[in-house]
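Peer 1:
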Amino acid sequence: GIAEGLSYLHSKHIAHCDLKSANVFLSSSDSPLLADFGLSRFVESDETILYTHADDSLGGPRWSAPELFESSQFTVETDVWAFGMILYELLIHKLPFFRQKSSIQVMRRIILGNLPDWPTEESSAELADSSVRRTLRDLCEKCWSTIPSGRPDMQEISETLASIDDALLSSSSGDGGN
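All residue numbers for the sequence shown refer to full-length UniProt numbering, where the first residue is 1 and numbers rise by one.
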């Protein structure tokens, strides 16, 4: 999936630098594929990629980590922030910061440390298993740590998602697959 693809890129010291849902496609077998590597860069472990404000290549602000607005420094941790936003979209079927209509409103919320709003009511689009939903929500929020070094790495995220898959598979096989 997306997490495994990013984990592979990061293991090769490559930051995607433009991760957002519009840059994820589905193959004919419904496997997610990362796209648009035009901004991707090779980075050493502690290296950052500096974009100038004149460079309009930061992708959509809805997926941008706060450090991009404050210092324009991109690391693999900013990919992790964006991954959390994509996971959020998959969970609630809405864009991050869906209540904010303009990019400036979104940027202001992110800079002020406000996270995307979670729906207050359960919807049919949300997962039925509340423990899985809570685990995924917690994972999103870990990805959104305002301190980049406080975010999980993509390998840890991949392992968390694999354990959720395993738990769901074992629970569905325990009731005859229903």
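Where is the CB? At the ideal position from N, CA and C, for every residue including glycine. In this text the structure is predicted, and so the values were computed from the model without any measurement.
#1: Exposed or buried, Asn23, counting other C-beta atoms within 10 Å across all chains shown (16 or more means buried)?
#2: Identify the continuous beta strand (DSSP E) that holds Pro32 and give its terminal residues.
#3: Determine contact between the segment 109-118 and the segment 85-96, defined as no fewer than three beta-carbon pairs at a distance below 8 Å.
#4: Distance, Cα to Cα, Glu70 vs Ile111?
#5: According to DSSP, which residues form a beta bridge with Leu9?
#6: What's the C-alpha gap between Leu169 and Ser163?
#7: Hey, Leu6 and His13 are a contact pair by Cβ (cut 8 Å); roughly how many whole angstroms apart?
#8: Thinking just about the alpha-carbon of each residue, which of Ser158, Cys140, Asp79, Pro61 is nearest to the one in Leu105?
#9: I'd like to check one pair, Arg151 with Ser145: are the Cβ atoms closer than 8 Å?
#10: Find the nearest neighbour of Ile9 within the set Ser64, Ser72, Phe37, judged by alpha-carbon distance.
#11: Between the Cα of Ala167 and those of Thr75, Ile147, Thr135, Cys140, spot the shortest distance and give me the residue it belongs to.
#12: Measuring CA to CA, which of Ser103, Phe74, Met154, Leu139 is closest to Phe42?
#13: Use the C-beta contact count for Glu89: other C-beta atoms within 10 angstroms, 16 or more gives buried, fewer gives exposed.
#14: According to DSSP, which residues form a beta bridge with Ala15?
Peer 2: Quick answer:
#1: buried
#2: 32-34
#3: yes
#4: 8 Å
#5: For Leu9, which the question treats as bridged, DSSP gives no partner whatsoever.
#6: 10 Å
#7: Wrong, their Cβ atoms sit about 13 Å apart, outside the cutoff.
#8: For the record, residue 105 in the displayed sequence is Gln; it is not Leu. Measuring from the Cα of Gln105, the nearest candidate turns out to be Pro61.
#9: yes
#10: A small correction: the amino acid at residue 9 is Leu; Ile does not occupy that position in the sequence shown. Selected option, being the one with the closest Cα: Phe37.
#11: Thr135
#12: Phe74
#13: buried
#14: Arg41
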